[in-house]
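S.K.: Below is a structure I'd like to ask you about.
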Amino acid sequence: MTSEILIIGGGVIGLSVARELHKQGARGIAVIERGACGLEASWAAGGMLGPQAETDEAGIFFDVCSNSRDMYPEFAAGLLDETGIDVELDRTGTLYLALSEADAARLGERFSWQAKAGLQVERLSADDVRRAEPFVSPDVLGGLLFANDWQVENRRLLDALKTYAKTNGILLIGNSEVEHLDVESNAVIGAVANGERFNADHVVLTTGAWTSLIKIGVADMPFKVEPVRGQMVVLHTAKRLFQHVIYSPGGYLVPRRDGRLLAGSTSEKAGFDHAVTDDAAAGIRRMANLIAPSTAGLATVDHWSGLRPFAFDGLPIIGGIDGIDGLTIATAHYRNGILLAPITAKMVAKHVVDNAAIEPAFSPDRFKLRNVTGI
Ligand SMILES: Cc1cc2nc3c(=O)[nH]c(=O)nc-3n(C[C@H](O)[C@H](O)[C@H](O)COP(=O)(O)OP(=O)(O)OC[C@H]3O[C@@H](n4cnc5c(N)ncnc54)[C@H](O)[C@@H]3O)c2cc1C
1 MTSEILIIGG
11 GVIGLSVARE
21 LHKQGARGIA
31 VIERGACGLE
41 ASWAAGGMLG
51 PQAETDEAGI
61 FFDVCSNSRD
71 MYPEFAAGLL
81 DETGIDVELD
91 RTGTLYLALS
101 EADAARLGER
111 FSWQAKAGLQ
121 VERLSADDVR
131 RAEPFVSPDV
141 LGGLLFANDW
151 QVENRRLLDA
161 LKTYAKTNGI
171 LLIGNSEVEH
181 LDVESNAVIG
191 AVANGERFNA
201 DHVVLTTGAW
211 TSLIKIGVAD
221 MPFKVEPVRG
231 QMVVLHTAKR
241 LFQHVIYSPG
251 GYLVPRRDGR
261 LLAGSTSEKA
271 GFDHAVTDDA
281 AAGIRRMANL
291 IAPSTAGLAT
301 VDHWSGLRPF
311 AFDGLPIIGG
321 IDGIDGLTIA
331 TAHYRNGILL
341 APITAKMVAK
351 HVVDNAAIEP
361 AFSPDRFKLR
371 NVTGI
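The letter at position 293 of the sequence shown is residue 293 when you use the numbering used here, and the numbering goes up by one with no holes.
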């Protein structure tokens with residue numbers, strides 16, 4: 001099979017890249033996926049779009065996260081228009097709680113650098129917090145309100161991206177596991193999956209936590225991406241208990257429009273094992289209970305896990321590899337792949353279509369330059 005652009009991996013990153021490439025005029029796009037598109041980390045996520053809650057300091061990573069968050073209203077509206085699917089972008093905001101003196105000190109630091117940087121952040125007393133969210137623990141000491149940290153229903157987002165692909169001639173090829181990229185004279189010319197050859201003018205690798213298992217010809221990937229397992233528990237509420245995403249140093253609660261309350265998460269080095277464990281569920285329930293004692297009476301209705309793609313410096317890997325033509329990589333979005341999908345798609349599409357440069361801090365070559373591959 002031959003395509004102009006072959007995207008390997010159909011998670012939120014691969015599917016967003018496919019849509020953006022198509023919008024920028026590229027044609028002959030195919031997405032090849034080991035299983036079915038959108039059933040790995042992107043499906044398991046909480047959908048928080050929280051650069052201010054997630055990032056500890058100002059800098060390039062924070063800027064890129066914030067810029068991507070700012071793209072969401074247009075991203076969501078565009079997808080609604082194109083597919084009829086509402087991805088439930090919820091702009092109520094995120095409440096970051098202090099439940100101990102240590103948390104309060106941490107929130108104080110966060111407030112200082114963000115207020116100094118001119119970001120929208122409001123300091124709330126314990127009474128303010130309880131007025132905003134009456135079900136939060138009476139032990140809360142205070143909090144920060146990030147009005148611009150939002151959430152999206154990531155599974156609806158995946159449905160919308162798949163629908164965009166199907167209705168715009170982007171080929172989605174399932175049940176095809178890429179073993180290696182095909183290389184000729186220092187250029188990637190396609191990939192081999194299940195023994196079958198897929199030729200392409202350009203290959204985009206968006207294989208999340210599995211990226212460094214793929215060989216470039218016979219060579220290993222020149223960086224390492226590791227899976228970090230995250231488990232999530234869903235509680236059933238008859239009516240929505242919270243309006244905001246509730247964040248704390250110990251974990252978070254994400255209230256969905258349909259009444260489900262997502263509680264997460266763990267960060268575990270468990271290889272590629274997707275298992276869920278009773279210990280993790282109990283730990284997440286304890287965390288939820290600390291945030292809001294009234295959750296103790298709620299039934300657990302679902303429990304799942306996903307594998308976050310992690311590079312050892314915690315930053316995404318986006319760009320080409322020096323000396324290898326025809327290949328762009330977009331992986332290692334770790335805890336923020338849903339948030340970073342729109343900006344990653346723009347960066348990759350501009351790079352593939354117009355050869356635009358990508359922020360060097362995210363380059364796959366940074367590991368080589370520092371002479372630390374992490375392998
Ligand atoms: C519990 C949890 C909570 C999270 N919460 C948030 C959140 O609130 N906000 C946020 O922004 N992010 C969150 N994340 C992180 C986010 O989910 C990831 O960063 C993001 O989904 C990564 O997207 P991806 O497309 O790179 O990876 P994936 O969604 O894992 O997609 C990669 C795809 O590549 C396919 N693939 C792999 N190898 C091959 C191969 N050899 N051949 C063909 N196909 C292949 C896989 O089958 C998979 O479908 C969370 C993650 C977890 C686990």
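From the three backbone atoms N, C-alpha and C, an ideal C-beta is built for every residue, glycine too.
Could you compute how far the alpha carbon of E88 sits from the alpha carbon of R257?
M.R.: Within the sequence shown, numbered from 1, the residue matching residue 88 stands at position 88. Within the sequence shown, numbered from 1, the residue matching residue 257 stands at position 257. Going from the Cα of E88 to the Cα of R257 covers about 8 Å.
S.K.: Mind checking whether the beta-carbon of Y334 lies closer than 7 Å to any heavy atom of ligand 1?
M.R.: On the sequence shown, position 334 is the one that residue 334 refers to. It does: the Cβ of Y334 is within 7 Å (strictly closer) of some heavy atom of ligand 1.
S.K.: Below 8 Å on the Cβ atoms is my contact criterion, and I expect L6 with I32 to pass it. Report the Cβ-Cβ distance as a whole number of Å.
M.R.: Here residue 6 is taken as the residue at index 6 of the sequence shown, counted from 1. Here residue 32 is taken as the residue at index 32 of the sequence shown, counted from 1. The pair is a contact, with the Cβ atoms about 6 Å apart (cut-off 8 Å).
S.K.: Assuming E40 and L307 are in contact, meaning their beta carbons sit under 8 Å apart, how far apart are those beta carbons, in whole angstroms?
M.R.: Working through the sequence shown from its first residue, we reach residue 40 at position 40. Working through the sequence shown from its first residue, we reach residue 307 at position 307. Rounded, the Cβ-Cβ distance is 7 Å, consistent with contact.
S.K.: Could you give the distance in angstroms between the alpha-carbon of Q151 and the alpha-carbon of A187?
M.R.: Taking the first residue of the sequence shown as 1, we reach residue 151 at position 151. Taking the first residue of the sequence shown as 1, we reach residue 187 at position 187. So the two alpha carbons sit approximately 40 Å from each other.
S.K.: Is G47 a contact residue of ligand 1, with contact defined as CB to any heavy atom under 7 Å?
M.R.: Taking the sequence shown and counting its residues from 1, one reaches residue 47 at position 47. Yes, the Cβ of G47 comes within 7 Å of a heavy atom of ligand 1.
S.K.: Reducing DSSP to helix, strand and coil, say where L161 ends up.
M.R.: Counted from its first residue, the sequence shown places residue 161 at position 161. Looking at L161 - three-state DSSP - the assignment turns out to be helix.
S.K.: Exposed or buried, which one is A296 when buried takes at least 16 other CB atoms within 10 Å?
M.R.: Counting from 1 along the sequence shown, the entry for residue 296 is found at position 296. It is exposed - the Cβ of A296 has fewer than 16 other Cβ atoms within 10 Å.
S.K.: Note down, in chain order, each residue of its chain lying with its Cβ closer than 8 Å to the Cβ of A275, except the 5 sequence neighbours on either side.
M.R.: Your numbering for residue 275 matches position 275 in the sequence shown. So the qualifying residues of the chain are S305.
S.K.: Shorter than 7 Å, the distance from the beta carbon of T207 to the closest heavy atom of ligand 1, or not?
M.R.: Here the question's residue 207 lines up with position 207 in the sequence shown. Under cutoff, so the answer is yes.
S.K.: Assuming I8 and V203 form a contact by the criterion Cβ under 8 Å, report the distance between their Cβ atoms to the nearest whole angstrom.
M.R.: Counting from 1 along the sequence shown, the entry for residue 8 is found at position 8. Counting from 1 along the sequence shown, the entry for residue 203 is found at position 203. Yes, I8 and V203 are in contact; Cβ-Cβ is about 7 Å, under 8 Å.
S.K.: Quick check: the Cα distance between Q120 and D90, rounded to an integer number of angstroms?
M.R.: Along the sequence shown, one-based indexing puts residue 120 at 120. Along the sequence shown, one-based indexing puts residue 90 at 90. Looking at the two C-alpha atoms, the distance is approximately 17 Å.
S.K.: Going by CA-CA distance only, name the one from I329, P73 and L15 that's closest to S212.
M.R.: Taking the sequence shown and counting its residues from 1, the one referred to as residue 212 is at position 212. Considering only alpha carbons, the answer is I329.
S.K.: For I375, collect the residues of the same chain with a Cβ closer than 6 Å to its Cβ; drop the 5 residues on either side in sequence, then sort them by chain order.
M.R.: Position 375 of the sequence shown, counting from 1, holds the residue named residue 375. Summary for I375: the model assigns pLDDT 42, below 50, so the residue's position carries little reliability, and this model does not support an answer.
S.K.: Can you tell me the Cβ-Cβ gap for L95 and E133, rounded? I've got them flagged as a contact below 8 Å.
M.R.: The residue given as residue 95 occupies position 95 in the sequence shown. The residue given as residue 133 occupies position 133 in the sequence shown. At roughly 6 Å, the Cβ-Cβ gap stays under 8 Å, so L95 and E133 are in contact.
S.K.: Compute the Euclidean distance between the alpha carbons of T373 and F312, then round it to the nearest angstrom.
M.R.: Looking up residue 373 in the sequence shown gives position 373. Looking up residue 312 in the sequence shown gives position 312. Below a pLDDT of 50, predicted positions are generally treated as unreliable, and T373, at 46, falls in that range; the measurement from the model is reported next regardless. So the alpha carbons of these two residues sit roughly 9 Å apart.
S.K.: Below 8 Å between beta carbons: does that hold for F362 and G319?
M.R.: If you number the sequence shown from 1, residue 362 lands on position 362. If you number the sequence shown from 1, residue 319 lands on position 319. Taking 8 Å as the Cβ cut-off, F362 and G319 qualify as a contacting pair.
S.K.: Which same chain residues end up closer than 7 Å to F61 when comparing Cβ atoms and leaving out the 5 residues on each side of it in sequence?
M.R.: Position 61 of the sequence shown, counted from the first residue, corresponds to residue 61. Cβ neighbours of F61 beyond the five flanking positions: T55 and L315.
S.K.: Check whether the Cβ atoms of V352 and L21 sit closer than 8 Å, and answer yes or no.
M.R.: The residue you call residue 352 lines up with position 352 of the sequence shown. The residue you call residue 21 lines up with position 21 of the sequence shown. Yes. Within cutoff.
S.K.: State the CB to CB distance for the pair T206 and T331, rounded to an integer number of angstroms; the pair is presumed to be in contact (CB under 8 Å).
M.R.: Here residue 206 refers to the residue found at position 206 when the sequence shown is read from its first residue. Here residue 331 refers to the residue found at position 331 when the sequence shown is read from its first residue. That pair is a contact at about 6 Å.
S.K.: Tell me the rounded alpha-carbon separation between L124 and L80.
M.R.: Counting from one through the sequence shown, the residue named residue 124 turns up at place 124. Counting from one through the sequence shown, the residue named residue 80 turns up at place 80. One C-alpha to the other measures close to 35 Å.
S.K.: What is the rounded straight-line gap between the Cα of P360 and the Cα of V183?
M.R.: Residue numbering aside, residue 360 sits at position 360 when the sequence shown is read from its first letter. Residue numbering aside, residue 183 sits at position 183 when the sequence shown is read from its first letter. Straight-line Cα distance between these residues: approximately 24 Å.
S.K.: Near T237, what residues of its chain come up, given a Cβ to Cβ distance below 7 Å and the 5 sequence neighbours on each side ignored?
M.R.: As a first step, residue 237 must be located in the sequence shown, where it is residue number 237. Cβ within range, chain order: G259, L261 and L298.
S.K.: Using CA coordinates, which residue listed in V136, D322, R335 and R285 is at the minimum distance from R366?
M.R.: Looking up residue 366 in the sequence shown gives position 366. Among V136, D322, R335 and R285, the Cα nearest to that of R366 belongs to D322.
S.K.: Would you call G195 buried or exposed, if buried means 16 or more other Cβ atoms sit within 10 Å of its Cβ?
M.R.: Residue mapping note: residue 195 aligns to position 195 of the sequence shown, counting from 1. With fewer than 16 other Cβ atoms within 10 Å, it is exposed.
S.K.: To the nearest angstrom, how far is the alpha carbon of P138 from that of L107?
M.R.: One-based indexing of the sequence shown puts residue 138 at position 138. One-based indexing of the sequence shown puts residue 107 at position 107. Rounded to the nearest angstrom, the two C-alpha atoms are 18 Å apart.
S.K.: For N199, which residues does DSSP report across the bridge?
M.R.: Working through the sequence shown from its first residue, we reach residue 199 at position 199. For N199, which the question treats as bridged, DSSP gives the partners T2 and G190.
S.K.: Around the C-beta of H244, are 16 or more other C-beta atoms found within 10 angstroms, so that it is buried, or is it exposed?
M.R.: To locate residue 244, count along the sequence shown from 1; it is residue 244. It is buried - the Cβ of H244 has at least 16 other Cβ atoms within 10 Å.
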